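A.B. asks: Residue numbers (the numbering used here), protein chains in the order written: chain A, 78 to 206; chain B, 78 to 206; chain C, 185 to 596; chain D, 185 to 596. In this text, a Cβ means the ideal position worked out from N, Cα and C, and glycines have one as well. Everything numeric in this text was worked out from a predicted model, so none of it was measured.
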Ligand SMILES: Cc1ncc(COP(=O)(O)O)c(C=O)c1O
Ligand SMILES: Cc1ncc(COP(=O)(O)O)c(C=O)c1O
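(1) What are the boundary residues of the alpha helix (DSSP H) that residue 484 of chain C is part of?
(2) Given the structure, does residue 408 of chain D come close to ligand 4, in the sense that its CB is under 6 Å from one of the ligand's heavy atoms?
(3) By a C-beta neighbour count over all protein chains shown, 10 Å radius and 16 as the cutoff for buried, is residue 373 of chain C buried or exposed?
(4) Determine which residues of the stretch 253-287 of chain C have a Cβ less than 8 Å from any Cβ of chain D, and write them out in chain order.
(5) I'd like to confirm something about residue 476 of chain D: is its beta-carbon nearer than 6 Å to some heavy atom of ligand 1, or not?
(6) If you measure between the beta carbons of residue 226 of chain C and residue 466 of chain C, is that distance less than 7 Å?
(7) Does at least one heavy atom of ligand 1 sit under 6 Å from the Cβ of residue 146 of chain A?
(8) Three-state secondary structure (DSSP) at residue 575 of chain C?
(9) Quick one, which of C:542, C:506, C:494 has its alpha-carbon nearest residue 571 of chain C's?
(10) Check whether the Cβ of residue 279 of chain D lies closer than 6 Å to any heavy atom of ligand 1, and answer yes or no.
(11) Among all the DSSP beta bridges, which residues are the ones paired with residue 531 of chain C?
(12) Suppose you measure from the CA of residue 205 of chain A to the CA of residue 184 of chain A; what does that come to, to the nearest Å?
(13) Identify whether residue 80 of chain A lies in helix, strand or coil by the three-state DSSP scheme.
(14) Could you tell me how far apart the beta carbons of residue 214 of chain D and residue 583 of chain D are, in whole angstroms, since I believe they sit closer than 8 Å?
(15) Is any heavy atom of ligand 1 found at a distance shorter than 6 Å from the C-beta of residue 317 of chain D?
(16) Can we say the stretch 432-441 of chain D touches the stretch 277-286 of chain C, given the rule of at least three CB pairs closer than 8 Å?
(17) Anything in the stretch 164-182 of chain B with a Cβ closer than 8 Å to a Cβ of chain E? List those residues in chain order, please.
(18) Is it buried or exposed, residue 260 of chain C, if we count other Cβ atoms within 10 angstroms and call 16 or more buried?
(19) Kindly say whether residue 143 of chain A, judged by its beta-carbon, lies nearer than 7 Å to any beta-carbon of chain D.
(20) Could you name the residues of chain C that residue 109 of chain A contacts, counting a contact when the two beta carbons are closer than 9 Å?
(21) Starting from the C-beta of residue 195 of chain C, find all residues in its chain whose C-beta is less than 6 Å away, skip the five residues before and the five after it, and write them out in chain order.
(22) Is residue 273 of chain C buried or exposed, if buried means 16 or more other CB atoms sit within 10 Å of its CB?
(23) What residue from C:472, C:401, C:359 has the CA that sits closest to residue 381 of chain C's CA?
(24) Quick check on the burial criterion: 16 or more other C-beta atoms within 10 angstroms. Buried or exposed for residue 92 of chain B?
(25) If the criterion is Cβ atoms closer than 7 Å, does the pair residue 190 of chain A and residue 117 of chain A meet it?
(26) Can you find the residues in the same chain that come closer than 6 Å, C-beta to C-beta, to residue 500 of chain C, ignoring five residues on each side of it along the sequence?
(27) Taking 6 Å as the cut-off, does the CB of residue 462 of chain C come closer than this to any heavy atom belonging to ligand 1?
(28) Quick check: residue 487 of chain D and residue 393 of chain D, are their CB atoms within less than 7 Å of each other?
(29) Cβ of residue 245 of chain C less than 7 Å from any chain A Cβ?
(30) Per the contact definition of three or more C-beta pairs closer than 8 Å, is the stretch 528-540 of chain C in contact with the stretch 336-354 of chain C?
(31) Is there contact here, the stretch 241-256 of chain C with the stretch 544-561 of chain D, by at least three beta-carbon pairs under 8 Å?
(32) Can you list the residues of chain B that residue 250 of chain D reaches, using a CB-CB cut of under 8 Å?
(33) Identify each residue in the stretch 313-334 of chain C for which the Cβ-Cβ distance to at least one residue of chain D is less than 8 Å, and report them in chain order.
(34) So, is the C-beta of residue 196 of chain A closer than 7 Å to a C-beta in chain D?
(35) Which residue wins for smallest C-alpha separation from residue 139 of chain A, given the options A:195, A:192, A:88, A:106?
(36) Need the endpoints of the alpha helix (DSSP H) that residue 305 of chain C sits in, please.
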């Protein structure tokens, strides 16, 4: 795992992209990894079914935070339906290296949250559980 | 254990001595072996602190019934205090052979009941729990 | 599946069966309904766990902790597949008893109301009776019993009436005292129609019969690992997902939580919501090895083998009936799993068991944790021989000879 | 007693410690607070049980059943002696969590009334917090907390006020997150004066400190075997006899009964009244072997050894503090058992643990099942190294080097 922490991962960890909050998010979701307590929140500005802007917030390890940060870049401009269908491959491609099963839960936390924000918005659910 | 079942044991099992009930027992007690469900009841006719007559009843294996039957012969004429102090050696002497730990519980059931009848009478407890 | 193995070859997988008794006798183990023996593969699984990857699960990020977590959760999947359930529907418990109590405390206290009926049967093991007595006492519900006839066959003619008002049907899959197989195919649909929740005590079912919880259409199925080749200390509760989701937690503590604050806690998702504290990791993994062993044999083969043994036993022991052997139960191998309950003349079951023991033959004697049934039947105790995959006709021959010996000892 | 053994010699008794990781590294196991490793003697005990005398206990009259019963009950006596209790006061459970829940359900529901106070502390493991939240909810009682200061030291100046109206004091012997040893000698007498019943969560106590339940003067002491060299799936509750006698049963089923009728049951005597269903026979016997192992070392030696290791660790890691290492807890080996909780610069505990793992070093990272404490302290997570009898100074050197490596990886 020590080879996981390459420069671009540490950069995303220390300088997360799209970090913070939107003033009036159309969609949002939040979740925690009960095994470690890491949390991530995602907020979307949606227009015509397309995510125009995105912010994430939360706390956790370099894997969860860097993965979430990279994910925000991936999904900006995507349609909600596309986001809802993303598989964990998108995370693995972003981090570019194999991860052990426990840490995979960290890496995919942001994805899980983004997907539930997208699905929630599609289904017209209230944007918070 | 097959050498346990000698003639006199089978005789006590099939023809238990002092089996039945007394009309007006001064002391009595009853117990069950929760591991197998065997039960024994002992009734004493007491006069001047001495057990003048005794009856036992119950159901169970040859070991418990024969041991109880032999015990009634041993204790008839004994003082309550003596009975209260009896150790399991009295049973082992009666049956005259070693017994495995589980079956020892069968062999000593009658003794336990006799002792609690004696102790109960000494203490002036109600003769039934 | 590969039902080409002989019981003798299977027995060779069980180290205990190769070890003579202190009197130098071959061990003839006929008490599998109490607990089964364990194949070397199960023992090896425990040794490997403790020697190679023992670690606490779910939260460790280091190598052995990851291996322990994965193997433990894979064991759950193995067990779930074995009964055709989803792995989230399989809760690890210590044994069948704890599984039944879990339902009593969690589902029962939430759902059973004064005046409700809990229907069970006259054949039940204490573990599927006393929890319901306590629940009835706490909730003001009433216990009712499906009656059994003299041979231990459940009488179903009044079933619909008995089910009237029943919130719960709690019944064993197979009676441990008589081996009678409960006709779930008749009882479950009637219970469904009556709107009852259905719990099956599978302690004697899953070791001996193919079990498909979906096909059986039960809500809960409780069982123990130690009776199905697994280690002691591990069992499971199967529960339908929707029911488990709606139930409050039972034991509280580490692992079953999602988020804890000083004043308030939210609980974890299934199945962990019902697993508080450090699980019995090694034994859960060991049980999966036991399931693999049974799967390799095929449960149809297991059932067929026991049926054949029982038929042989009934035939082999028949001549002793004229000398005082009383065999209980329906005496029909189609209705009974590998269990034979009996008494011999005026030899008390304990004495019989002790005499058999001198020749290395292990049978159980007593009330088999079914005191009310014994009382009803008027049996102070019975001797019980129970069969499993490693038993052969030679074991039954040994039993028959042992009874002959008891006749000599008792001069019958 | 024979405190002449070196940790290296002790480590040789633990097969897992001799097995290199997949990367070929020596296993540096620093997670014994989560679960301890097991000596060969404990593993052998399990193998012997399953290979030689596996049988269900208490009711079997045949040879292996007698041996199983005797060995199982002797294990209880061994454990009872280890804590200076009577064997009837030792109830087998799965783990500390179940032991605590047993008290919550049985003693708690009977004794705790609306308005009563349950006093615990801010340091508790979820297993000694969530059961009391649930009990408070069910009974209308109030939970109160003995506060801890920034270093995790309990603040006792308001103790008498906090104890006012307390029906129960439930407190850990040692904090699993910080290793701080609870001053039971101060708290217990105050609780006695206040008339509270006293439960001590000994999950982190008994593995590391001499425990004498009489000298501690506690009513209940709950613990797990797997943290004290024993197998997973076995633990125990010590309870004062008079309290246990007065408590209603918890789980119901086989073995805990005296006489069962269809409508009514009388319960067995102690300790079996609280042990329903087939016990975890093998693992109880295995735990006794673990206790024998600890007894041979001497618990005073164990405590002294851990204290020495902690002192060494604090010294060895001190230079890293200027580079961002934050060590939590009182930093005084006299107040702390073999636990070291820390964070390093901006490296999240999980990342630190993953980097240490590549060198075979096992530490725990996260909330350690003490979420409210983490929240209060403002630590999103900590890394925790915990020591036991097989750890040596070389293991601490490895930890220090591992943290240096993390500094390099994270370019600190
Ligand atoms: C202080 C404390 N209490 C309770 C527990 C729960 O122990 P178990 O998970 O073995 O039930 C633990 C172990 O994690 C602990 O450290
Ligand atoms: C029918 C039945 N139910 C329940 C049980 C209880 O199983 P355990 O003691 O493993 O909990 C048994 C086993 O004795 C049984 O035979």
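C.D. replies: Looking at the atomic coordinates:
(1) 483-505
(2) Looking at this structure, you won't find ligand 4 anywhere; what it does contain is ligand 1 and ligand 2.
(3) exposed
(4) For the stretch 253-287 of chain C, the beta-carbon criterion of a distance under 8 Å to any beta-carbon of chain D is satisfied by 278, 279, 280, 281, 282, 284, 285.
(5) no
(6) no
(7) If you check the C-beta of residue 146 of chain A against ligand 1, you find no heavy atom less than 6 Å away.
(8) Judged by DSSP in its simplified three-state form, residue 575 of chain C adopts coil rather than helix or strand.
(9) The residue with the shortest Cα to Cα distance from residue 571 of chain C is C:494.
(10) yes
(11) C:528
(12) Only weak support exists for where residue 205 of chain A lies, its pLDDT of 41 falling under 50; the coordinates are left without a value.
(13) helix
(14) In this structure, residue 214 of chain D and residue 583 of chain D form a Cβ contact; the two beta carbons are roughly 6 Å apart against a cut-off of 8 Å.
(15) no
(16) yes
(17) Of the chains in the structure shown, none is chain E; the protein chains are A, B, C and D.
(18) buried
(19) no
(20) 442, 443
(21) 201, 574
(22) It is buried - the Cβ of residue 273 of chain C has at least 16 other Cβ atoms within 10 Å.
(23) C:401
(24) In summary, residue 92 of chain B is exposed, with fewer than 16 beta-carbon neighbours lying within 10 Å of its beta-carbon over all protein chains present.
(25) yes
(26) These residues qualify, in order along the chain: 580, 584.
(27) yes
(28) yes
(29) yes
(30) no
(31) yes
(32) Among the residues of chain B, those whose CB is under 8 Å from the CB of residue 250 of chain D are 177, 178, 179, following chain order.
(33) 313, 314, 315, 317, 318, 327, 329
(34) So, not an interface residue.
(35) Checked all of A:195, A:192, A:88, A:106; the closest Cα to residue 139 of chain A is A:88.
(36) Taken as a continuous stretch (DSSP letters only), residue 305 of chain C belongs to no alpha helix (DSSP H), being part of the beta strand (DSSP E) at 301-305.
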